[in-house]
Structure formats: structure tokens, C-alpha cells
Amino acid sequence: MSSRTIIGALIGAAALALSAGGAAAQQQKLKVGFIYVGPVGDHGWSYQHDVGRKAIEKAFGDKVETTYVESVPEADSERSIEQLARTGHGLIFTTSFGFMEPTLKVAKKYPNIKFEHATGFKRAPNLATYAAKFHEGRYVIGQIAGKMTKSGTIGYVGAFPIPEVVSGINSYFLGAQSVNPNIKLKVVWANSWYDPAKEADAAKALLDQGVDVVAQHTDSPAPLQAAEARGKYGFGQASDMERFAPKAQLTAIVDNWADYYVERTKAVLDGTWKSQDLWGGFDSGMVVMSPFKNMPDDVKKMAEETEAAIKSGKLNPFKCPVIKQDGSEVECKGTGALSDEQVLGMNFYVKGIDDKLPQ
Amino acid sequence: MRFELTPRASISALWRALAPVLAFITAFLIAGLVIWLMGRSPLAAFQVYVTQPLSDPWALQEILVKATPLALIAIGLSYCFRANLWNIGAEGQYVVGAVLGSWIALRTHGTDAGLWVLPAILLAGIIGGALYGLIPAFLKTRFGVNEILTSLMLVYIAQLILDYLVRGPWRDPKGFNFPQSVTFDPAATLPPIFEAGRVHYGFVFALIAVLVTAVILGRTLFGYRLRLSGDAPRAARFAGFNSKTTTLAVFGISGGLAGLAGMSEVTGQIGQLQPSISPGYGFTAITVAFLGRLNPIGILVAALVVSLTFIGGESAQIMLKLPLDLTQAFQGILLLCVLSADALVSNRIRFVVRGGAK
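Chains as they are written, first to last, in my numbering: chain L, 764 to 1122; chain Z, 603 to 960.
In C-alpha cells, the structure reads:
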């Protein structure tokens, strides 16, 4: 059939183009590419990665050129990643869990290009992974919430019940419980990383149920704004969202990718880049709390002390024993606390959360 | 003063053929103007959007990959739309087809089940999509429920079923509890047409669907029945055509093709089940079906054009740093221009002065 031969010719030519793309990557100026799952204007997750991208441009000036592709659907991302690989990018960051398999596939095809995948667990000689221990920050905001609530019920807007979100909810609750033993937590799932309307609805549903402090693990400022509109409290997600809710934001857990991105870009420029797995928290500077505001001095002091204790390693949000909802104790696989693997794969609620984890 | 559209007595075949071409030119002129107003070169944008993808073998291949599900679904939808039945739920039929087929893939995972696996998976995909498509058809024929609403609502049910499965029973036990299935075995993977390429056999299925549909619509009684029940339902009834069987048939075909598209995408492209397996192909295909004027060849061309705007838009983000919003706006402009051109070919604009005779 003629279409078969045409396609055959196309693919032969494609192979040529591939090798040409590889050659282009050897050029002097390093091109650094980014794949974002949301729009850069989400003011949360993708926005914060873009802050990191701009930091690379600032740090290396005309030695680098950066590119991003935004709102890339995860199931359709392989082509977008390969587009970057083919257009001479030497270092490519894919910044959502769902990009894992496609990144791995493209990385295998382009062994000379360095890839960095955020929040995943599959690596290759030219594919590193990195993530941040956001649950450390969530323990701090949990304590603040436990102190600030008047109704005794706090809320949480979750994106999807994946381990990263679940461990955040547990850490938040354990923090709150540590200062307020009778605290109650309500969780609403938005089933989206970025959907301001749904996120706001979720927050309003919580506020209607008597929640007066709303934490969120979705990317837009909408839940925080909903709290602001009702005169309640909330926390910024991924970036400092104070300008969206000056009265409601108590603090924000800021993802600071900038230092890491600059460091890894430098490694590629110096020729010292190696595949690795980095999971950084307060100590690495990857997770930062924005200024504590709208709270009494004693709460502020407590939050600062907790932050310092986690940073120095004195306090671990998941120190043993950790008790599951059914009352059973989780096997302690780390030293005095749950191991990294246990936190990374967490799929249970801790005791005291009066809700059922969607399974 | 206002204007009014009145149907033309005779429609010029020449204009009918020229309409899409003019629509494209107009759309590019409008988009070019926007790009120029943004301070960029419209010529460079045209180069990146259109010329480069069409002259680059890799991009051409990607266009075919993206056009595959769009064409398959849109071909199916054309059966419904021709019969004036509004299946808005192809996205759901796509998902259910993929789910039913994946069930076989997961059950045979890790076994050395033979060559029958892949055909069985694809067949299950077709059956799953068809059965799911038959639900709104049954509700319509039996109870007179509006099929637009039911087919659309069933999309969300399908997506949540998939979501439940990949978070629960079908979750990869070694995947750190992340919501995704295991990656399928090679026996359950739709191979690329040529080694190391990305175009999989789904594209061949799309071509077959186009050819078979062209034959059915042009040369069979069933095709005639479809056209008639769409254009003149009363005449169709007088002729003794049963509208209920037509409804069931077109929803079955449409759902089956959407299911095949879903299964091809999962086994040929994604390689596993995830909470989301479509960036909205089932909805984009509605646009594709109308851009192609419900004609099989037209739909194939429209699917390729819509894919081109996706790929070109991505290149524009990478090469020219043009925002994604511009791509989306351009797709909207293109659709508006095509529909307007069609309307103007079959209608005349009349200016009516206020108070003037009707």
C-alpha cells in the first residue's frame, strides 16, 4: 500500500532528524526546557517552577536560553517532551508526577540529553528525580491551624488522593493534634490540580460546615480567597499568596525550586551532572515558610520554633509511633520515624481523622 | 439596521469547494493580525505553525498520532449527527472502551498468553464503547430521554469509573500507591507501524473506518436511511424506516469507534491506564466532525488540520515563546471562520432597515 511506503520514508527521515537534534544539543549555549502541567499563571505549582526557570536565566545570562511549554496534559506529554529534546535543549525539567513514563521513554531515546523529573521515582543514567518534603511545612501550618481555630474544626482542600497529598494531610493533622488534642479535620477533594472554580466550591463547602481554617493542596489562590471573603483563615500553596488574601493568609508553604534549578544547570554547564534522587525539605531550602502573619505572637513563636526543630532534624512530623485510623501501629522502618519510602507511598489516614480516604 | 440570513435557492459547487480555503485564509489573517499586535512577526509564526510541521518528518508523524483518535471518534460521530442524533458523550465511550479492553490486558499481565491478547483487547474496546453508547440510545428510544443530556452525563460517570479503578483495584502494586496501572506487556501493546516510529496501527484503523464509512454512506441502503432520517424524518417514517433501530445502530457504531480509539490510544500510545487518558479527544472530535462536514474524507482532513494546530501551537511556544492561549484562540477563530463560510455559502445576507418590510 502506498501510504505504507510514504510513512516508511517519513520515519526513515525522522531518524535522520533525531540525530541532527542530538548534534544541535552540543552547541555552546545551553538550552533548558520546562514542561508545566498547569498554566504559568496559576500562581501556585507551575508558577513557582517558572520562578525557578527565571532564576536560571538571571544566574547564567546569555550562557543559557530557557523555554517552557505550559498546560501539557499528562497523557499526551510524550510529544511535548520530545519536541524540547529535538529542538536542541540540553537539560529538560518535567514538573509533574504524571510526566514520569513519557519522560523515561524520551530519556531512553536521547541519551545525551539530561532530564529531571519532579516527584517521580523512575530514574535512568540521564534522568534524575527531585521532590520536596512539603509535609514538613504542613506540620507547621497544622500547628498554627490548631491554635487559630475557634470552632475546633479545620479543613483541607485536596487535589487527588495520591501519597504526596495524603502524607500532607496526615502531617497537617498531626501538627494540629499536637497542640489541640480534640481537633477535627474535614477533607474535600477537588479532583483537579488547578480549577479555581472547583477549588473555591470545595473551600466554601468546608466553611459552610463550620471550618474556620482552610489548608489546601491545589494550586490556585481560590480556596484562600474564599476564606478571606468569609473572614476566616487559610494558607498559601506553593507560592506566597499574600496579595490575594492579605487578611486570611497566615503563612504559605513556598516551593523554592530556584536554587536547585540553578545548581543543576551549573552542573550541566560544568559537565558534572549526574543522575540522582533528591528529596529536600527545610534543611535544603527547597521548602520555605513565607512570613507568619495575622496571628498572635505566641503562635508565631511556636511556628518558628517548630520550623527550626524540623530543619535541624530534632523533630520529624512522622515520628514513631504513627497510628492508623483502625488503631493499628505502622511499622517503623526509619530511625525513630517512618522511612522516606513509607512517606512517599502513604495511603492511609492517621488516627483521629474522621473521614474515609478514597481508595 | 440589522441583517438577516436567507437560504440561497441554488448553492454554487465552486463556492462550496472554495469556502474552507477562504475560511483558512481569513483565520490566518486574523491570527496574523493578533500576532502582529503582540509585536511579533506573523510570517515567522506562520512558518512555525504550518510550514515547519508540514516539512518535518517527525512532526508529520506526530500529526498522524494525534489525528488517529480524533478521526476515529469523529467518523463515528458523523453517523449520529447525520441522523440528527446528538451523541455528546464520545469521551465517555472512549474511556469505557479503554477500560474494558484494559481489563484483558491486566488479566493477562505477566502470563505468556499468546497472540490472541491484542485482538481480544481491541475487540473488547469496541464492545465496551458500543455498549456504553447504547445506554443513551436505549433511554431515548424506550423512554424518550434527551440523548444530549444522558450521553454527556455518562462521560463523567465513565471518567470516575476509570479514576476509581486506577486508584483502587487496578493500581500498580509496585507503584508507590500512585494512581496508575502496571505498564502493559508487549503482547498487549499495539505496535508502531514502523519500528522506532510513533505512529501505531490505530492510524490504519482510522483509515479503514474512513473507507468503510464512505462506502456505507454512498452505496448502501443504510447510508441512504441515515441521510433521509436526518434530512427529512417524516419522509423516512413514511418510507417505513424504523427510527428506533436507526438510533440504536448509530449510537452503537459511534460508541464502538470511540471505544476503539480509546483502546488504540492506551495500547499504542500511553501503555498503561492513568486517571486521565484523553486530553478531551471526545469533545474535540465533535469539532472535527463538523469541520469535515460529516463527510468521511473531510473528517480525515479536518482531524489532520486540528492536529496540525496543536503541534504547530506547541512549536510556537517553544520556538517563538508565543503563549498557549494564542493557540487555543486560533483554534476558535478557525472553527468560527469555517462555520461562517459554510453559512455564507448556503445563505445570503440581507440588510434589513428598521421598520422596513420583512
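C-beta atoms are modelled at their ideal positions from N, C-alpha and C, and glycine is treated no differently.
Inset, instruction - Put N1079(L) into one of helix, strand or coil per three-state DSSP. - result: coil
Legend entry - Complete runs of the alpha helix (DSSP H) confined to the stretch 1008-1082 of chain L [at least 4 residues]: 1021-1033, 1060-1075
Legend entry - Rounded straight-line distance, which links the Cα of L948(L) to that of K1064(L): 24 Å
Legend entry - chain Z contact for A838(L) (CB, 7 Å cutoff): yes
Legend entry - M863(L) vs K885(L) beta-carbon contact at 7 Å: yes
Inset, instruction - With a 10 Å radius around its C-beta and 16 neighbouring C-beta atoms as the bar for buried, classify Y758(Z) as buried or exposed. - result: exposed
Legend entry - Other residues of its chain near V977(L): CB distance less than 6 Å, five sequence neighbours each side excluded: G918, A966, L969, P986, A990, G997
Legend entry - Neighbour-count burial assignment, T889(Z), 16 or more Cβ in a 10 Å radius: buried
Legend entry - Of the residues G857(Z), L859(Z), A647(Z), W688(Z), the one placed nearest K742(Z), counting alpha carbons only: W688(Z)
Inset, instruction - Look at the Cβ atom of G699(Z), then the Cβ atom of G735(Z), and state whether they are nearer than 7 Å. - result: no
Legend entry - Beta-carbon contacts of A894(L) that lie in its chain and below 7 Å, excluding the five residues immediately before and after: A881, T882, W1042
Inset, instruction - State the DSSP-derived secondary structure class of Q811(L), mapped to helix, strand or coil. - result: helix
Legend entry - Below-7 Å beta-carbon distance, I879(Z) vs any chain L residue: yes
Legend entry - Buried or exposed (CB count within 10 angstroms, at least 16 for buried), I946(L): buried
Inset, instruction - Please classify H898(L): does DSSP put it in a helix, a strand, or coil? - result: helix
Inset, instruction - Would you please verify whether the beta carbon of A786(L) is less than 7 Å from any beta carbon of chain Z? - result: The pLDDT assigned to A786(L) is 44, lower than 50, so where the model puts this residue is not dependable; a value taken from the coordinates is nonetheless given after this. Chain Z, which has no Cβ nearer than 7 Å to the Cβ of A786(L), makes this no.
Inset, instruction - Measuring alpha carbon to alpha carbon, tell me which of A1011(L), S834(L), I819(L) ends up nearest N1057(L). - result: A1011(L)
Inset, instruction - List the residues of chain L whose Cβ lies closer than 9 Å to the Cβ of I920(Z), in chain order. - result: G796, T830, Y831, V832, S843, Q846, L847, T850, H852
Inset, instruction - Using the Cα positions of R836(Z) and T849(Z), report the straight-line distance between them to the nearest angstrom. - result: 15 Å
Inset, instruction - Could you please give me the residues that DSSP links to M918(L) through a beta bridge? - result: The sequence shown places Gly at residue 918(L), not Met. Paired residue(s): K949(L), V977(L).
Inset, instruction - Could you pull out every residue in the same chain whose Cβ sits closer than 6 Å to the Cβ of A787(L), ignoring the five residues on either side in sequence? - result: Because A787(L) carries a pLDDT of 44, less than 50, the predicted location of this residue cannot be relied on, and no value is offered for it.
Inset, instruction - With a threshold of 16 other CB atoms inside 10 Å of the CB of A960(L), please say whether the residue is buried or exposed. - result: exposed
Inset, instruction - Only counting runs of 4 or more residues, tell me where the alpha helix (DSSP H) segments fall wholly within the stretch 825-908 of chain L, in order along the chain. - result: 841-849, 863-872
Legend entry - Positions along the stretch 746-773 of chain Z whose CB lies within less than 7 Å of some CB in chain L: R769, G770
Inset, instruction - Spell out whether any CB of chain Z is found under 7 Å from the CB atom of I855(L). - result: no
Inset, instruction - Please name the residue or residues paired with P794(Z) in a DSSP beta bridge. - result: H802(Z)
Inset, instruction - May I ask you to verify whether the stretch 655-668 of chain Z touches the stretch 627-645 of chain Z, counting CB pairs closer than 8 Å and requiring at least 3? - result: no
Inset, instruction - Using DSSP bridges, identify the partner residues of F953(Z). - result: F605(Z)
Legend entry - Alpha carbon of F1055(L) to alpha carbon of E1070(L), nearest angstrom: 11 Å
Legend entry - Residues from the stretch 671-705 of chain Z in contact with chain L, defined by Cβ distance under 7 Å: none
Legend entry - Range of the contiguous alpha helix (DSSP H) that encloses Q695(Z): 692-709
Inset, instruction - Report the partner residues of Q1000(L) according to the DSSP bridge assignment. - result: I1016(L)
Legend entry - Alpha carbon of S1002(L) to alpha carbon of R895(Z), nearest angstrom: 47 Å
Legend entry - Pick from G820(Z), N949(Z), A611(Z), L902(Z) that is closest to A808(Z), judged by C-alpha positions: L902(Z)
Legend entry - Within-7 Å CB hit, N1110(L) to chain A: Here the protein chains are L and Z, and chain A is not one of them.
Legend entry - Distance CB(V1085(L))-CB(L1101(L)) smaller than 7 Å: yes
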